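Under the UniProt record's numbering, think of the first position of the sequence shown as 1, with each following residue one higher.
For each residue, glycine too, the CB sits at the ideal point set by N, CA and C.
In this text the structure is predicted, and so the values were computed from the model without any measurement.
Structure record follows, encoded as structure tokens.
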Amino acid sequence: MSRFFATGSDSESDSSSEEEQVQRAPATAFTKGAVDDDGSDSDSDWGSSSDDESSSSSGDDKPVAGPDYFRKTAQKDGDEEQKQIRKEHRKDRKEKDRRHKREEDDGEGEWETVKGGVAIPSEKPKMFAKDEEINTVAVLKKLNEIIAARGKKRTDRREQIELLHELQAIAENHNLTAALVKIKFCIVSSIFDYNPKVSDAMKPEYWSKLLVRITEMLNLLLSTTDIVISESIAEDEEEYEKAPFKLHGCVLTLVERLDEEFIKLLKECDPHSNEYVERLKDEKQVCATIDKVQEYLERQGSVSELCRIYIRKIEHLYYKFDPNVLKQKDGEIGEDVVTAVQVMDKMCKYIYSRDETNRIRTRAMLSHVYHHALHDNWFKARDLFLMSHLQETIHHSDPSTQILYNRAVAHLGLCAFRHANIKDAHACLLDLMMTGKVKEVLAQGLLPQRQHERSKEQEKIEKQRQMPFHMHINLELLECVYLVSAMLIEIPYMAAHEFDARRRMISKTFYQQLRSSERQSLVGPPESMREHVVAASKAMRNGNWTACNNYIINEKMNAKLQTHLLDLEYPEIHISQVYQTIQLTRLIELAKFTDVFHLERLLVDCVRYNDMQIRIDHGKKSIHFGVDLSEARREDHPDGPVLQAMPSEQIRCQLVNMAKVFHRANDIINPDKKKQEREELRARMVQYYHDTKAKEHQRILGRQRIIEERKEYIEHVHYVREQEEERRQEEIQRQQQLAELKRLEQEREERERKRQQSEIQQVKDHALKEKMQQISRTSHGQKFLKKLDEDEIKKLDAEQIAAREMEELQKERKETLQKLKSQEKKVDYLERAKRSEEIPLIVKAIEEKTEQAKQLWEQQEADRIRAAIEERNQMMADRERLAKMKEAAGGFLERIMVNRKKLYMEKLAAYEAKLQQERAKRLLQRRIQRKIERRLQWERYIIESAEKKRAEEERKRMEEEKKCMEEARAQREIVENARRREEEVKQAERLAKLEKESEIDRRLVSEKKLEDTERARPQSSSWRRNVGGESGGDRSSSWRMKPRDRDVRSIENWRNAPKN
């Protein structure tokens, strides 16, 4: 065995010399990569593989043992040529290995060249043997073998598609129609499976192949009427031998998957690039594919499948505008021309009547509404939307259906605006615009994330729901229509309820835009769409409809609004505040944009909606507004001045006026009745007072006591409540602090956990990287890594990679041993052939090469000697010529130095003279400057001294004035204190006198009461007899007075009474 390996190494080392003599005829019969005259490769006899290539390549780098190997002089040119020859030969041999298969002599199998990617672990199945009969059964059997590896681990999907294409070509050549349909179906499924990630879009090259294969399959199905392909057919019930052929599968599912892939491709492209336009061109082919499937299903499909294919076609049709619809309305084309509206009606009505799933019917209805609104069929779209009652159940639908609902509502609002139904347009767009997320609810983009509003998974799902760019609705147009509709509704409402304190807000967004503009101090000319609408609103509120019209309808706004609308309601309200009666001609002059018929219709609408009271006099051709303006403008009106009275207000005012007139007439008829009633009432009041005064007094005192107690209780309750609120707030703050501390602790722990995980992951990644580097340094490791792609490497850890490496190494060892056993019989023959045939040739080649090298060296040495002699002769001639030039060069250099020194001395003398002049000049200037500075310094000192003296005098004067003012203030305080003390003495004397007089008055009052009591004892009801007398008059007036007033009056009577 040791001799065998030594012999093998010798053969490897001698292989380099073989390659050098590859052009020699006698050696071609035994060299490894030789090609016969008929072009067949003879490498199969050698059983060479990648290992042989590596060994031979390693042997190529060794030097050939010969005379040149021990020679000191390097043969660089010859070695370069030989390396280039060997490199080209190795490259040719590798290309041949990739093109041809090699077979072992003993029939133990074949060696395969692994492509870049994942290798198929099983053997690549052969199509058919040469003499094998090819029929439907054989083709289907081979098809099952190929698709059996579908979805398995390490399955090369690209090669599987290639095998299916090869099988398809065989089926086409043998005209196996049923099997060909099955194969095409499997090819389409395999292309779909080539993309491992469902969320990512398909590659463009495979998308093109997919379109071609699906089109071929559908054309074959439509051209062959005796093939039935359906999901309801089980695999064991398939029929391929006799017509009608039955196949298991679903064409509709493939088309639905095709449509989804097309949408994902559009979302993947930049919408503003040419790539998006090129990809959008494929929609025509996708729609043609849907039409073919529709034709096939109408022939052989079920009702549910027809509904599914109809909704696919509707989703490609509902957002597209058909100009033939408007031409057919105008009569430009005939009724027999089929338009998009008619196609939509047919498919949607079929779904309404036949579909059993709620989702397809809902989407068809919303698409139908959208399509009608797009083609200005306002009444049809509105009625269909209202009859469906989708607004009540749409929140239970899936997100894509809700997005379609929002899109239909948006276009319904635009259609209402085009038909001048301003209130309907505003109602449709109100819910969309109030959310503030119009872009998100219409699936036309995502707003910037605010404080972790959504996670990464949610954001990924939201991006998958976005609509392609060509299906977007102009958001600026939506906002413009909404603001103009709000303006035409809000401004007339503000005018009609100008004096209403409880005026409600119709459109909050429009109101905010208007108020923000009013808060600005300086407002420039409008530039944006919002500024135009706000400026138009201000002009409309002032009654300037011409300016409002110009702000809305101009070149900038024509891109947003295609209809010229203006509401007459607000000018009429404005006119009704000024005029009581106005001629129709005058009103039309004020509103030049309307005619008599349109004006009268708007006036009737205002009366019908109770916006104002109007009476039209066709005889006089005039208009009367509401109630009399003299009554409406009265300031003493019960409800204030009114502008336009409603019927209920008019009736109430008439009833109030009638009541006032009745009361005035009653007072005129019975003038004494009211006086008698007043006297009787007064007497009853006096009697009631005397009966209840003590009780009322006690009740008032009790009420006052209860009120005081209640106040104390309320204060106590408030105090307790404040204490409890403070404690509650402290507890809440403490809870919040604890929660905050807990949250911070959790965040810290989470950060620590993530940090540890990241460190562990970094350690694992580092270990994996080191392991991969170690593996990549070995030959078997490089082969192992070639069989793995990047995704599989990321999924494996270091241990798994090591285990896989060991498995691969053991497998490689087994294969090497098996290969060596198979080659054992050949080595002896090869070695004998080399010794008997090649050794004389090699020796002869070495001798020839040695002779050639010797001749080359002799020629080069002779050339070198001859060049050296010529170079020396040239140098000696140059030396003699330069020696003759030396004396002349010395004299010339000396003359140049003398002239330069003379010139230098002249320039130096001129410089010294100029320097002395400049120095004297600068000294004179410095002397003058110093005199000026000393003069300025002296003047500055004089000025500062005068300023200091004046400031000192001013300070002394201010101190004297302050001292005088303080002395005057002190003198005034002394006088004021003396006057105040005098007034206090006088006030004390006055108070003492008043107290003395009040004491005397109290005594007199008490004595008077005692006398009255004694006088009243025998006659208890004496006051009744003196009702008409003077004393009775005094008593009747005294009971009305307060107690203090009665006491003062009694004192005055006592003072005025004559003294005895």
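- Going by DSSP, residue 228 is part of no alpha helix (DSSP H) but of the beta strand (DSSP E) stretching over 227-230.
- Residue 463 sits in a helix when the DSSP states are folded into three classes.
- Fewer than three pairs of CB atoms, one per stretch, sit closer than 8 angstroms, so the stretch 466-482 makes no contact with the stretch 286-303.
- Between residue 376 and residue 415, the C-beta spacing is below 8 angstroms.
- Taking a contact as a CB-CB distance under 8 angstroms, the pair residue 413 and residue 484 does not count as one, their CB atoms being some 11 angstroms apart.
- By the C-beta density criterion, residue 196 is exposed, having fewer than 16 other C-beta atoms within 10 angstroms.
- Boundaries of the beta strand (DSSP E) around residue 247: 245-248.
- Assigned with DSSP and collapsed to three states, residue 624 falls in strand.
- Exclusion of the five residues before and after residue 184 leaves 168, 213, 216, 217, 220 as the residues of its chain whose Cβ lies within less than 8 angstroms of its Cβ.
- Taking 8 angstroms as the upper bound for CB-CB distance, residue 248 and residue 235 are in contact here, some 5 angstroms apart.
- As computed with DSSP, residue 581 is found in a beta bridge with 624.
- Residue range 614-617 is occupied by the beta strand (DSSP E) that includes residue 614.
- The C-alpha of residue 181 is placed about 12 angstroms away from the C-alpha of residue 189.
- With contact defined as three or more Cβ pairs closer than 8 angstroms, the stretch 220-234 and the stretch 289-308 are in contact.
- Within 10 angstroms of the beta-carbon of residue 368 lie 16 or more other beta-carbons, which makes it buried.
- Each of 701, 730, 155, 722 was checked against the Cα of residue 787, and the nearest Cα belongs to 155.
- Residue range 671-777 is occupied by the alpha helix (DSSP H) that includes residue 731.
- Leaving aside the five residues that flank residue 397 on each side, the residues in its chain whose CB is nearer than 8 angstroms to its CB run, in chain order, 359, 362, 405.
- Listed in chain order, the non-local C-beta contacts of residue 312 below 8 angstroms within the same chain comprise 255, 256, 259, 290, local neighbours out to five positions each way being set aside.
- Going by DSSP, residue 454 is part of no alpha helix (DSSP H) at all; its letter is neither H nor E.
- In the displayed model, residue 838 falls within a helix according to three-state DSSP.
- Annotated three-state conformation of residue 239 is strand, per DSSP.
- Taking 8 angstroms as the upper bound for CB-CB distance, residue 409 and residue 428 are in contact here, some 5 angstroms apart.
- Around the beta carbon of residue 510, a 10 Å sphere encloses 16 or more other beta carbons of the protein chains shown; the residue is thus reported as buried.
- With a beta-carbon spacing of about 10 angstroms, residue 464 and residue 443 fall beyond the 8 angstroms limit used to define contacts.
- Taken atom to atom, the span from the alpha-carbon of residue 692 to that of residue 670 is near 33 angstroms.
- For a cut-off of 8 angstroms, the C-beta gap from residue 411 to residue 373 is around 4 angstroms, short enough to register as a contact.
- Between residue 496 and residue 459, the alpha-carbon positions lie close to 47 angstroms from each other.
- Burial state of residue 139 is buried, judged by a 10 Å Cβ sphere holding 16 or more other Cβ atoms.
- Here residue 596 is exposed: its Cβ has fewer than 16 other Cβ atoms, across all protein chains shown, within 10 Å.
- Classified as buried, residue 265 has 16 or more neighbouring CB atoms from the shown chains inside 10 Å of its CB.
- Selection 392, 160, 163, 301 evaluated against residue 227 yields 301 as nearest (Cα-Cα).
- DSSP, read as helix, strand or coil, puts residue 667 in helix.
- Short of 7 angstroms from the beta carbon of residue 381, and not among the five residues preceding or following it, lie these beta carbons of its own chain, in chain order: 369, 372, 373, 412, 415.
- Runs of the alpha helix (DSSP H) lying entirely within the stretch 293-366, each at least 4 residues long, are 303-315, 323-330, 340-354 in chain order.
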